[in-house]
Structures are given as C-alpha cells and as structure tokens.
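**Q** First the structure, which I've put down as structure tokens, then a few questions once you've had a look.
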Amino acid sequence: MFCPQCGTKNTQEAQFCVSCGTQLSLVAEPALRHPASSITTPRFAGFWFRTLAVVIDFVLCQVASVFLVLPLGFALGASMAGTSSVSEIEATAEGLGFVLGVLIQWLWFTIPESSKWQATIGKKMVGLKVTDENGERIGFGKANGRYWSKILSAILLFVGFLMVAFTAKKQGLHDKIAGTLVVKENA
C-alpha cells in the first residue's frame, strides 16, 4: 500500500507509514499505484536552446567538412590535371563537394541522434537529447526521417522550425512528422 501523504510504499499489513508516520488503516488505498515522485514529466527544450545547439553543430560540421572535403578536392584536381579543362575540374569539384557536404551533414545528425548519446555534439553541449514520444531512444530510421523532414520545415519559410516556440511539447514540424521530442537531458 502506498502512503497517500508521502507516496512511500508500505507493506499491506502496515498501520502507519514507515516514512512519515501517517496512519494507513483509516485511509483507503489510493487509485494511483505508483508514488507521485516516480512519475516524471519531460522538460521540453525550447526554441533558443535548440537554436544554440544548431549553431554549434553547424560550425563544427563545417569545420569537419573542410578537413574531409578539401584533401579530396586537391586529389581530384591533381588527378584531372592535364586531362581536363579548368572549368571541368571546377564543375566536378563543386558537384563532389556538394554531395559530400550533404552526406556529412546527414550523418552528422542521424548517427549521434540514434546512438546511445541521443544527441549531436551541439545538443550534448547544451544539455539536450532527442527521444521518441515515449521518452525512448530513437533508431536510425526515425532519425533519418527527422533529418529529411527538416527540408519541409525550411521550405515553408522556416515556419516548421518556428513551431518549436509555440507548440506545447516544443516540437518543430520535423519532430511532429517523425514522432520525436527534444528534451533537456536531465529531465
């Protein structure tokens, strides 16, 4: 039996709460089977916390991209030198840079958000994590859906991102589509 005063679990035979001393025999068993303190409501991450995390991630992802893509660009230019025109080399390098940039950014978000971290480096630094609507870790598929849904949030004049400031669970359009939440890590 749970104490209606403090929520402590007591034996069925107990006449007084072992924690606060409330007389239990005169009190009917409450309908709630778990002490109120064991039920936690997640603290949803607001717009500015999430914006800060995205800015951090953007800067770090761009730095990582430069260190990964630049050497490939030099190697590509060297391998094409003498066999292709400068404009062909530039076009090939731009195309390769675009594809690698998209790939790096996609993996930058989807892998860590579906990992045991549940967060990118930026989110981790701000103290945030991504969960499903039950507070559980998301898989790669859900993280993938969340990432690509951000395109729709951006196409709609960024209103999909601004929704974070105005929805009860602080969800952007991409969160609603993917069924995800961004919460404060110690929630």
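The working numbering numbers the first residue of the sequence shown as 2 and each following residue consecutively.
Where is the CB? At the ideal position from N, CA and C, for every residue including glycine.
(1) Within the same chain, show all residues whose beta-carbon is closer than 7 Å to that of F48, passing over the 5 residues directly before and after it, in chain order.
(2) For the beta strand (DSSP E) holding T132, just list the boundary residues, first then last.
(3) Could I get the ranges of all uninterrupted beta strand (DSSP E) runs contained in the stretch 92-165, with 3 residues as the minimum, in chain order?
(4) With distance defined between alpha-carbon atoms, name the residue in Q16, W109, S20, L182 nearest to E137.
(5) Looking only at C-alpha atoms, which of K171, H175, G128, M126 sits nearest to A144?
(6) Below 8 Å on the Cβ atoms is my guess for K170 versus R44; work out the distance and round it to an integer in Å.
(7) Could you compute how far the alpha carbon of V28 sits from the alpha carbon of V131?
(8) In three-state DSSP terms, what is L53?
(9) What does the alpha-carbon distance come out to for the pair C18 and T9?
(10) Grab the span of the beta strand (DSSP E) containing K170 for me, first residue to last.
(11) Can you say whether Q79 is buried or exposed, counting buried as having 16 or more other CB atoms within 10 angstroms of its CB?
(12) Grab me the residues of A15's own chain with a C-beta within less than 8 Å of its C-beta, minus the 5 sequence neighbours each way, in chain order.
(13) Leaving out five residues before and five after V70 in sequence, what residues of the same chain have Cβ atoms less than 6 Å from its Cβ?
(14) The beta strand (DSSP E) spanning K185 covers which residue range?
(15) Have a look at P72 and S66 and give me their C-alpha separation to the nearest angstrom.
(16) Classify G161: buried if its beta carbon has 16 or more other beta carbons within 10 angstroms, exposed otherwise.
(17) Is it buried or exposed for I152, if we count other Cβ within 10 angstroms and need 16 for buried?
(18) Under a Cβ-count criterion, where at least 16 other Cβ atoms within 10 Å of its own Cβ denotes burial, should G140 be classed as buried or exposed?
(19) Thinking just about the alpha-carbon of each residue, which of Q172, N187, Q63 is nearest to the one in D133?
**A** Put simply:
(1) In the sequence shown, counting from the first residue as 1, residue 48 sits at position 47. Only V165, A166 meet the Cβ criterion.
(2) As a first step, residue 132 is located in the sequence shown; it is residue number 131 there, counting from the start. 129-133 is the span of the beta strand (DSSP E), which, as asked, contains T132.
(3) 129-133
(4) Here residue 137 is taken as the residue at index 136 of the sequence shown, counted from 1. For E137, the nearest C-alpha among the options comes from L182.
(5) As a position in the sequence shown, residue 144 is number 143, starting the count at 1. Comparing Cα-Cα distances from A144 to each of K171, H175, G128, M126, the minimum goes to H175.
(6) In the sequence shown, residue 170 corresponds to position 169, counting from 1. In the sequence shown, residue 44 corresponds to position 43, counting from 1. Their Cβ separation, rounded to whole angstroms, is 11 Å, which puts K170 and R44 out of contact at 8 Å.
(7) For the purposes of this step, residue 28 is taken as the residue at position 27 of the sequence shown. For the purposes of this step, residue 131 is taken as the residue at position 130 of the sequence shown. Legend: pLDDT at V28 = 48, less than 50; position of this residue unreliable, no value from coordinates given.
(8) In the sequence shown, residue 53 corresponds to position 52, counting from 1. Helix, per DSSP.
(9) Within the sequence shown, numbered from 1, the residue matching residue 18 stands at position 17. Within the sequence shown, numbered from 1, the residue matching residue 9 stands at position 8. Computed Cα separation, rounded: 7 Å.
(10) Here residue 170 refers to the residue found at position 169 when the sequence shown is read from its first residue. Per DSSP, K170 belongs to no beta strand (DSSP E) and is neither H nor E.
(11) Within the sequence shown, the letter at position 78 stands for residue 79. First, the amino acid is wrong: residue 79 is Ala here, not Gln. So A79 counts as exposed.
(12) Against the sequence shown, residue 15 aligns to sequence position 14. For A15, where only same-chain residues beyond five positions count, the Cβ hits under 8 Å are M2, L25.
(13) Position 69 of the sequence shown, counting from 1, holds the residue named residue 70. Only G98, L101 meet the Cβ criterion.
(14) On the sequence shown, position 184 is the one that residue 185 refers to. Residues 181-185.
(15) Translated into the one-based positions of the sequence shown, residue 72 becomes position 71. Translated into the one-based positions of the sequence shown, residue 66 becomes position 65. Each residue's alpha carbon lies about 10 Å from the other.
(16) Here the question's residue 161 lines up with position 160 in the sequence shown. Flag for G161 reads buried.
(17) Position 151 of the sequence shown, counted from the start, is the residue given in the question as residue 152. Exposed is the call here.
(18) Here the question's residue 140 lines up with position 139 in the sequence shown. So G140 ends up on the exposed side.
(19) Residue 133 sits at position 132 when you count from the first residue of the sequence shown. Ranking Q172, N187, Q63 by Cα distance to D133 puts Q172 first.
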